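Under our numbering, the first residue of the sequence shown is numbered 9, with each subsequent residue one higher. Glycine included, every Cβ here is placed at the ideal spot set by N, Cα and C. In this text, all values refer to a predicted model and were calculated from it rather than measured experimentally.
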Amino acid sequence: MAMNTAEQLDDYYDNTVLQANPEPLKQPGQAVAPVPASVPSKISVSKFEIVVAVSCVIMTLFMALSLVTTKNQVISAQHQLQNVNSQITKVNSQNDSNKQVIDELTGSTHLQQVAQKSGLSINSDIRNVNK
């Protein structure tokens with residue numbers, strides 16, 4: 009009989025797999041010995057690697073400390089800025105209040121009242137000149 013190509017490939021595959029991976033024949037009373045696990049060997053670390061690791065740890069700690077210090081300085085500067093801004097606001101409000109008082113005292117009605125109390129009179133040709 010003639011074999012088709014699929015049957016020939018099946019026969020070829022079965023023959024090559026069996027030859028490449030032959031199964032050991034087990035006898036009924038024979039026990040299979042466990043394969044011992046490989047013991048991990050100790051990895052040696054060079055002095056250079058130790059120095060690099062220690063320097064990285066020290067640099068990380070230094071950077072963390074400098075970050076905290078810088079953060080505290082920024083917070084302190086912001087607090088001082090807030091205090092200065094509040095003082096500026098107070099001085100500006102006092103200046104506005106003083107300007108209002110000056111305008112009231114230099115007004116024509118106030119000047120006429122002061123002149124009348126002193127027994128003087130004011131001409132209507134008064135002009136205020138400001139810088």
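On the premise that residue j lies in contact with residue i, defined as a C-beta separation below 8 Å, what is that separation, rounded to the nearest angstrom?
| i | j | result |
| --- | --- | --- |
| isoleucine 130 | glutamine 120 | 6 Å |
Return yes when the C-beta of residue i is under 8 Å from any heavy atom of the ligand SAM, and no when it is not.
| i | result |
| --- | --- |
| valine 62 | Only the bare structure without any ligand can be found here, which leaves the ligand SAM out of the picture. |
Let's see if you can read the secondary structure: which residues bound the alpha helix (DSSP H) around residue i?
| i | result |
| --- | --- |
| isoleucine 66 | 55-113 |
| valine 122 | 116-126 |
Look at the alpha carbon of residue i and the alpha carbon of residue j, and state the distance between them as a whole number of angstroms.
| i | j | result |
| --- | --- | --- |
| glutamine 95 | serine 74 | 32 Å |
| lysine 125 | histidine 87 | 53 Å |
| isoleucine 66 | threonine 77 | 16 Å |
| threonine 117 | leucine 128 | 14 Å |
| alanine 123 | serine 105 | 25 Å |
| valine 53 | leucine 69 | 23 Å |
| threonine 97 | glutamate 112 | 23 Å |
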